[in-house]
Amino acid sequence: MCVAVMENKKVKTNEAKNFSFVNFVGAMGGLVSGFVLILSGFILSAVSLFTRTNFNGWEVILIVTGFIFLAMGAHFLDLIDRKNKVKRKQKLNL
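Residue 73 is where the sequence shown starts when you use the working numbering, and the numbers rise one by one after that.
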């Protein structure tokens, strides 16, 4: 059991070393696009509140999609944090 756990940790550390730039692009892309989508959804909501314009639910779709993109960006930030933890542990072990 212990060998399997250690092997799984080795696989995760090797994966964390390989995807640094991809994780950065995923994190920044997810966070920025999430905030832009939520902001545009709020703007459409405000426009439809003060005018008689009907956007057929697009404001709700944009806000929900924005939260999905924020969750994806948070996932990539967790992957970056995992990589940084592995580097810190390696420095302490040396």
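From the three backbone atoms N, C-alpha and C, an ideal C-beta is built for every residue, glycine too.
Given the structure is predicted, the values throughout are model-derived calculations rather than measurements.
Selection from the options that minimises the alpha carbon distance to residue i
| i | options | result |
| --- | --- | --- |
| Phe93 | Leu151, Lys159 and Lys157 | Leu151 |
| Ile135 | Asn156, Ile115 and Lys159 | Ile115 |
| Gly113 | Val132, Leu103, Asn128 and Arg124 | Val132 |
| Phe107 | Ala143, Gln162 and Ala118 | Ala143 |
Terminal residues of the alpha helix (DSSP H) in which residue i lies
| i | result |
| --- | --- |
| Gly138 | Trp130 to Asn165 |
| Phe122 | Ser92 to Phe122 |
Residues near residue i in its chain [Cβ-Cβ closer than 6 Å; skip 5 each side]
| i | result |
| --- | --- |
| Asn95 | Phe148, Leu151 and Ile152 |
| Gly121 | According to the sequence as given, residue 121 is Leu; it is not Gly. There are no such residues. |
| Ser105 | Phe141 |
| Leu103 | Gly145 |
Same chain, Cβ closer than 8 Å to residue i, neighbours up to 5 away in sequence not counted
| i | result |
| --- | --- |
| Leu109 | Leu134, Ile135, Thr137, Gly138 and Phe141 |
| Asn165 | none |
Do the segment 142 to 155 and the segment 91 to 102 touch if we need at least three Cβ pairs shorter than 8 Å?
-> The segment 142 to 155 vs the segment 91 to 102: in contact.
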